[in-house]
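For the sequence shown, this note's numbering gives the first residue as 49, with consecutive numbering after it.
Beta carbons are placed, not taken as given, at the ideal position from N, Cα and C, and that holds for glycine.
None of these values were measured; they are calculated from a predicted model.
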Amino acid sequence: MSRIHHVFLFTVVILVLITAGCTQTTGPNALMTPQPTPEPTQVPAAPAGTGTIPPGAAGTQAAGTCNADTMNDAANCGGCGYACPANALCQQGQCYCKEGYTVENNGCVAAPAGSATPGTGCPAGMSPCPDGYCYELANDASNCGICGNQCPSGMICSASTCSNVPTESTTAVPTTTTAAATTTVTTTTTITGAVSPGGFHLSCAAIGLKDCGGTCVNTSTNNGNCGTCGNICSGLKPTCCGGTCTSLKSDESNCGTCGHKCGLTSTCENGSCKAKAVVTVWSKSPLVTVKVTVPKYEKQFELPGY
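Laid out in structure tokens, this is it:
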């Protein structure tokens, strides 16, 4: 090896040693952290059946992340940025048309007039569900917008959409109406049906009652609607028994209480059955014997015969 080569190698070794022994004074340079590129959320297909549409097509997802409940948020249904169309709501990450709307061209449009099943028996503002009850889908947290849509814990249903509870709210205080003192009114059930956990029956007839002006009543026992709507029991016959106004103080078929009958030899006095006076007549020529029996008293008379 030539002398020049030896000098060159020696110089390189010296430079390496010097460089290794130097101390940094400026510290390490900060690394640029790249922003993560979000991957589109995989959204499963909507369940088959009328009234459902899939979420927004893949690729329409907005960049970044979102602070949303992607299982129930109509603006982020199934993933950030997957917005349901107008008149739809998000349930379990799928878009569904609201009550009264149907699917058309991947959107929700008002159902044609007359397409709903007539005669559901549901009061105004309520809709029938498969369980046989009527629900107020606009405000029912267990059936929000459509039957079976359960809002997450801590949320309420408002305008058919699950939403957070307002920080301030006003609760209307129900008014109480007192019946007139001259009329005894029995407790009735509202037309929304016999109260049942989670819903209401479809109609008064479904629970064996009669609709009287928006209230389900039993016309067999209701003193304000006895036998028929509006027939009020009052005065000498203030009680409704079997659809007829009567007096429990003197009615031998309803003595004291409805259905309590007195015997053939008893009468109803002040709500109690008491023995009647019994007159027995037989002929014994030339006299006629008359036997009179009343409670705790018996007397026999003999009268001239005829």
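Cut-off 7 Å between Cβ atoms - residues of its own chain near residue i, not counting five sequence neighbours on either side
{"i": "C300", "result": "Inspection of the sequence shows that residue 300 is occupied by Glu rather than by Cys. So the list reads K309, C310, T315, C316, once near-sequence residues are dropped."}
{"i": "N212", "result": "M203"}
{"i": "T73", "result": "Because T73 sits at a pLDDT of 37, beneath the cut-off of 50, its placement in the model cannot be relied upon, and the following sentence gives the value as read from the coordinates. So the list is empty, once near-sequence residues are dropped."}
{"i": "L284", "result": "S295"}
{"i": "K324", "result": "T313, S314, T315"}
{"i": "N266", "result": "L257"}
{"i": "S298", "result": "C316"}
Chain-order list of residues whose beta-carbon lies under 8 Å from that of residue i (same chain, five-residue window excluded)
{"i": "T292", "result": "C274, G275"}
{"i": "C177", "result": "Y183, N191, C195, G196, G247"}
{"i": "T287", "result": "T232, N271, C281, C293, T294, S295, L296, N302, C306"}
{"i": "S320", "result": "C303, G304"}
Assigned exposure category for residue i - 16 Cβ within 10 Å defines buried
{"i": "A134", "result": "exposed"}
{"i": "G278", "result": "exposed"}
{"i": "S201", "result": "exposed"}
{"i": "N270", "result": "buried"}
{"i": "S208", "result": "buried"}
{"i": "G23", "result": "Since the first residue shown for the chain is 49 and the last is 354, residue 23 is missing from the structure and cannot be characterised."}
{"i": "N191", "result": "buried"}
{"i": "V261", "result": "Note that residue 261 is Gly in the sequence shown here, rather than Val. Result: exposed."}
{"i": "A123", "result": "exposed"}
{"i": "G141", "result": "buried"}
{"i": "G196", "result": "exposed"}
{"i": "N115", "result": "exposed"}
{"i": "P92", "result": "For P92, the pLDDT reaches just 37, beneath the cut-off of 50, and the residue's location in the model is therefore unreliable, although a value from the coordinates is still provided. Per the 10 Å Cβ criterion, exposed."}
{"i": "G173", "result": "exposed"}
{"i": "P95", "result": "Reliability fails at P95, whose pLDDT of 37 lies under 50, so the model's placement of it is uncertain and the value that follows must be treated cautiously. Flag for P95 reads exposed."}
Close Cβ partners of residue i (< 6 Å) along its chain, the five nearest in sequence each way excluded
{"i": "C289", "result": "N302, C306"}
{"i": "N187", "result": "C205"}
{"i": "N153", "result": "none"}
{"i": "T81", "result": "Residue placement at T81 cannot be trusted, given a pLDDT of 27 that sits under 50; what the coordinates show is reported in the next sentence. Same-chain partners within the cutoff: there are none."}
{"i": "C199", "result": "A189, C192, C205, C210"}
{"i": "S268", "result": "G290, G291"}
Best match in the options for proximity to residue i [C-alpha to C-alpha]
{"i": "N318", "options": "K324, L312, G304", "result": "G304"}
{"i": "A189", "options": "N154, C210, A136, C260", "result": "C210"}
{"i": "G193", "options": "S268, T287, N120", "result": "N120"}
Residues sharing a beta bridge with residue i, DSSP
{"i": "C289", "result": "T292"}
{"i": "D259", "result": "C264"}
{"i": "Q198", "result": "Per DSSP, none; premise fails for Q198."}
{"i": "A136", "result": "C145"}
{"i": "T315", "result": "K322"}
{"i": "M203", "result": "N212"}
{"i": "S190", "result": "BP columns for S190 are empty, so no partner."}
{"i": "S298", "result": "None, per the DSSP bridge assignment."}
Residue i Cβ short of 7 Å to the ligand MG heavy atom set
{"i": "V265", "result": "This structure does not include the ligand MG; it has no bound ligands of any sort."}
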